[in-house]
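Enquirer: Using my numbering, the first residue of the sequence shown is number 1, and each one after it goes up by one.
The structure is given below, and queries will be raised subsequently.
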Amino acid sequence: TLISAGRAMDLLSKGVAAMNSATDDIAGGASSIPDNHGEFFLAPLAAAIPFYTPYVSALQLQAWKTRMAKGLEKIIKGRTHNWRTYAMKGEWYRAKNGYVNKDTAVNWLENSWINTQKFRTKNFWNFYHDYSSNPDTWPYESAARGNLLSMVAEGYTGPSGEKILSILKKGTQSSLLLQDPSGQMAAGGRSGNHTWNDIVLANGYETMAEIAYKEGNTRLAGQYRHAAALAFQSVQRWRRPEGTYSVTKNHFNPANRTRYAIYSFFTNYNGYMMYHMAENYLRHKSNIPERATPNEIGGYTVVSDRNFATAAANAGGMHMQVCLRGSSKLAFGRYWTTLGAVRFARPGWDSRLGPSDGVREASTSYGVSFAPTFLEGSEWVRLASVPDRYEAFFTTEFTHPLLVRCRVEYKPKIGKTGPTFTNHFIITPDGILSRLTSTSTNFGMTWPVLNFDGATNLNAPITSHIASTSYPGQADQQNFIALHSSPIISATDVTRRSAYGDLRPVRMVSGTSANVTFIYPRTSADPSAEEVRKSFYRAGNSFSSVLARVIGNIYIGRTSAGGVGTSIDI
């Protein structure tokens, strides 16, 4: 890709050597391919050969093409989850470029779609189910959908082509509701919080931007183009000084393998990033004006099926993600999904502070998220630590671009015991009001506070009513504010290491029948957390502060107002 753009010509000989080695591996069959991962070699190699055509001899070119004609059954391992989509993409590229018989390839692709892939997208949102972790995996939802999109965008001519595209269109547009305003993919599932997650998300958006633009839907095309840009910008937070990227979203030494899967390695996942970045560059052809994405506008909730067990809500760009089930069994060495509210984000704000995800440690089984905690005997139990006992259910109560009301109910699973909890949320462009009640008399809320990201100790002061965190010298700040006269705030529990860094589980006990927190992601343009706390007034389902007023289903803020009612006083 670089050479075709007239860049990095000094790397040409190295690229040719890599092509010689990799195509020779293909010619040798599955046993010659590193880790027997033939599915992943096909598309990059088939797509690369035309780029090298002006720079290598006809003899060299023919050698590569001959090697790439190896029978598919002798190359791939044959797995039918997301791996099959890599093989499908690669096989179509081979057929399109004339390396294999097109009719034979189309027959195999049709069979693969009908018998191994189609059923994975049969849900309301047309999300792709990989079924390789429980709950299911968002990273491979995007990766697989992006592979199939690339195949169709490259002119797939099979009978199912139009149907595949129709399904992928809905799935990709649905995913816009889960992307956070900083560009990150939804949290949860196998390989979650790997830096490549956001690049494969961008891959699908760049592809759909071009498709929508050609169809004349410039607004949607602009949203996709902007969503892709947000995702690309997101990963720059984890770029290392020498130009590589951290494998997971932190700045720990790669040798520590922080929140890696057993298959995660520095070299292969940096290579994976480079490949999909190159695809994004090549896909980005039309001059499409960017438009605000749904996550910057708000006014919605989205609830997946119970396999993904994910809900998101957004008002005016203030974004919250809740995992309705947590991982109760290890998959590839990790608990990938944490029960509770795991992400808070807003446009133009560093979502790492949110936090961006919770954690349940593999070594201890202790978890941290924004979720209830209760006293059982002499021990405080965090719900994030006991996903084998608890699950959650999400209900939407009201949606408007400036105001969303919803609730999350935590209940013991069938056959399990424990108190129940109801967490009401009122989401506004300024912050999120959380009100928790329980059948237990001794309960509280866990505030997940990011303390350390592997390189930087964050400023994380705790006062009598507020726990805050921010990067030194940066204005963005997350604040958890207790809206009680005399809350008991405890920060003595051990920090737990997430993919983003160390999370301190701060326990807030209100001493009343309801536990109320205002979650306040602050920027330099906003009043201090203490000013907000001192000005806060609640009356039933309404409240006011120096930030805004919420009266029933009407929001009146500093720069916007709206809702549903008979009148509005601004």
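We put the CB at the ideal spot given by N, CA and C, even for glycine.
Buried or exposed, going by whether 16 or more other CB atoms sit within 10 Å of the CB of Pro289?
Expert: Exposed is the call here.
Enquirer: Can you tell me where the beta strand (DSSP E) with Tyr390 in it begins and where it stops?
Expert: Note, Tyr390: beta strand (DSSP E), 390 to 400.
Enquirer: Enumerate, from N- to C-terminal direction, the unbroken beta strand (DSSP E) stretches of 3 or more residues contained entirely within the region 340 to 383.
Expert: Listed in chain order, the complete beta strand (DSSP E) runs (minimum 3 residues) inside the region 340 to 383 are 340 to 345, 372 to 376, 379 to 382.
Enquirer: Are the beta-carbon atoms belonging to Lys70 and Ala27 less than 7 Å from one another?
Expert: For Lys70 and Ala27, yes; Cβs fall inside 7 Å.
Enquirer: Which residues in the same chain have their Cβ closer than 8 Å to the Cβ of Gln634, if we skip the five residues on either side of it in sequence?
Expert: Since the displayed the chain opens at 1 and closes at 570, residue 634 lies outside it and no answer follows.
Enquirer: To which residues of the same chain is Met318 closer than 6 Å at the C-beta, ignoring the five residues directly before and after it?
Expert: Excluding positions up to five away in sequence, the list reads Arg346, Ile427, Pro429.
Enquirer: If you draw a straight line from the C-alpha of Val564 to the C-alpha of Phe398, how long is it?
Expert: So the two alpha carbons sit approximately 10 Å from each other.
Enquirer: My output table needs one value for Ala539: the three-state DSSP class, helix, strand or coil.
Expert: Strand at Ala539.
Enquirer: Looking only at C-alpha atoms, which of Tyr52, Thr53, Trp64, Val56 sits nearest to Thr23?
Expert: Per the Cα distances, Trp64.
Enquirer: Would you mind listing the alpha helix (DSSP H) stretches within the region 87 to 164 that are 4+ residues and don't spill past its ends, in chain order?
Expert: Segments of the alpha helix (DSSP H) lying fully in the region 87 to 164: 102 to 112, 138 to 153.
Enquirer: Tell me whether Val555 sits in a helix, a strand or coil according to DSSP, three-state version.
Expert: In the sequence under discussion, the amino acid at residue 555 is Tyr, which differs from the Val named in the question. Here Tyr555 sits in strand by DSSP.
Enquirer: Closest to Glu210 by C-alpha separation, out of Gly243, Asn287, Gly158, would be which residue?
Expert: It is Asn287 whose Cα lies nearest to the Cα of Glu210.
Enquirer: Is the region 505 to 521 touching the region 433 to 442, taking contact as three or more C-beta pairs under 8 Å?
Expert: Yes, the region 505 to 521 is in contact with the region 433 to 442.
Enquirer: Can you tell me whether Tyr140 is buried or exposed, with buried defined as 16 or more other CB within 10 angstroms of its CB?
Expert: When all chains shown are included, Tyr140 counts as buried.
Enquirer: Is there at least one Cβ from chain C nearer than 7 Å to Thr116's Cβ?
Expert: The question asks about chain C, but that chain is absent: this structure has only one protein chain.
Enquirer: Does the beta-carbon of Met9 have 16 or more other beta-carbons within 10 angstroms, so that it is buried, or is it exposed?
Expert: With fewer than 16 other Cβ atoms within 10 Å, it is exposed.
Enquirer: I need the straight-line Cα distance from Asp614 to Pro521, nearest angstrom please.
Expert: Because the chain spans 1 through 570 in this model, residue 614 falls outside it and cannot be assessed.
Enquirer: What are the start and end residues of the alpha helix (DSSP H) that includes Phe41?
Expert: Taken as a continuous stretch (DSSP letters only), the alpha helix (DSSP H) holding Phe41 covers 38 to 52.
Enquirer: Enumerated in chain order, which unbroken segments of the alpha helix (DSSP H) with a length of 4 residues or greater are wholly contained in the region 497 to 550?
Expert: Segments of the alpha helix (DSSP H) lying fully in the region 497 to 550: 529 to 535.
Enquirer: In whole angstroms, what separates the C-alpha of Leu12 from that of Thr244?
Expert: Spanning the two alpha carbons is a distance of roughly 20 Å.
Enquirer: Classify Leu59: buried if its beta carbon has 16 or more other beta carbons within 10 angstroms, exposed otherwise.
Expert: When all chains shown are included, Leu59 counts as exposed.
Enquirer: Could you check the C-alpha separation between Leu458 and Pro472 for me, to the nearest Å?
Expert: Approximately 6 Å between the Cα atoms of the pair.
Enquirer: Can the beta-carbon of Gly326 be found closer than 7 Å to that of Pro387?
Expert: Their beta carbons are under 7 Å apart, which means Gly326 touches Pro387 by this criterion.
Enquirer: In terms of alpha-carbon separation, which member of Lys285, Leu45, Asn253 lies closest to Trp92?
Expert: Residue Leu45 is the option with its Cα nearest to Trp92.
Enquirer: So, is Tyr390 buried or exposed, given that buried needs 16 or more other C-beta atoms within 10 angstroms?
Expert: Answer is buried; the Cβ neighbour count reaches 16.
Enquirer: On the DSSP bridge list, what partners appear for Gly562?
Expert: Looking at the DSSP assignment, Gly562 forms a beta bridge with Tyr555.
Enquirer: Evaluate the contact criterion for the region 150 to 160 versus the region 123 to 134: three or more CB pairs, one atom per stretch, below 8 Å.
Expert: No: fewer than three Cβ pairs fall under 8 Å.
Enquirer: With three or more C-beta pairs closer than 8 Å as the rule, is the region 105 to 121 touching the region 80 to 88?
Expert: Yes, the region 80 to 88 touches the region 105 to 121.
Enquirer: State the CB to CB distance for the pair Leu503 and Val359, rounded to an integer number of angstroms; the pair is presumed to be in contact (CB under 8 Å).
Expert: Confirmed, about 6 Å.
Enquirer: If I measure Cβ to Cβ from Phe51 and keep anything under 8 Å in the same chain, skipping five residues before and after, which residues do I get?
Expert: Closer than 8 Å at the Cβ level, and outside the excluded window around Phe51, lie Thr1, Ile3, Ser4.
Enquirer: Take Trp447 as the anchor and find which of Glu409, Leu403, Val404, Arg496 has the nearest alpha-carbon.
Expert: Of Glu409, Leu403, Val404, Arg496, the residue nearest in Cα terms is Arg496.
Enquirer: Tell me, which residues are paired with Val404 by DSSP?
Expert: Answer is Thr399, Ile427, bridged to Val404.
Enquirer: What is the rounded straight-line gap between the Cα of Pro294 and the Cα of Thr456?
Expert: Each residue's alpha carbon lies about 32 Å from the other.
Enquirer: Can you name the residues that DSSP bridges to Lys411?
Expert: Answer is Glu391.
Enquirer: Less than 7 Å between C-beta atoms, sequence neighbours within five positions excluded: which residues of the same chain meet that for Tyr272?
Expert: Excluding sequence neighbours, Tyr272 sits near Trp196.
Enquirer: Looking at C-beta atoms only, is the number of pairs between the region 230 to 241 and the region 308 to 323 that lie closer than 8 Å three or more?
Expert: No: the two stretches stay apart, fewer than three of their Cβ pairs being nearer than 8 Å.
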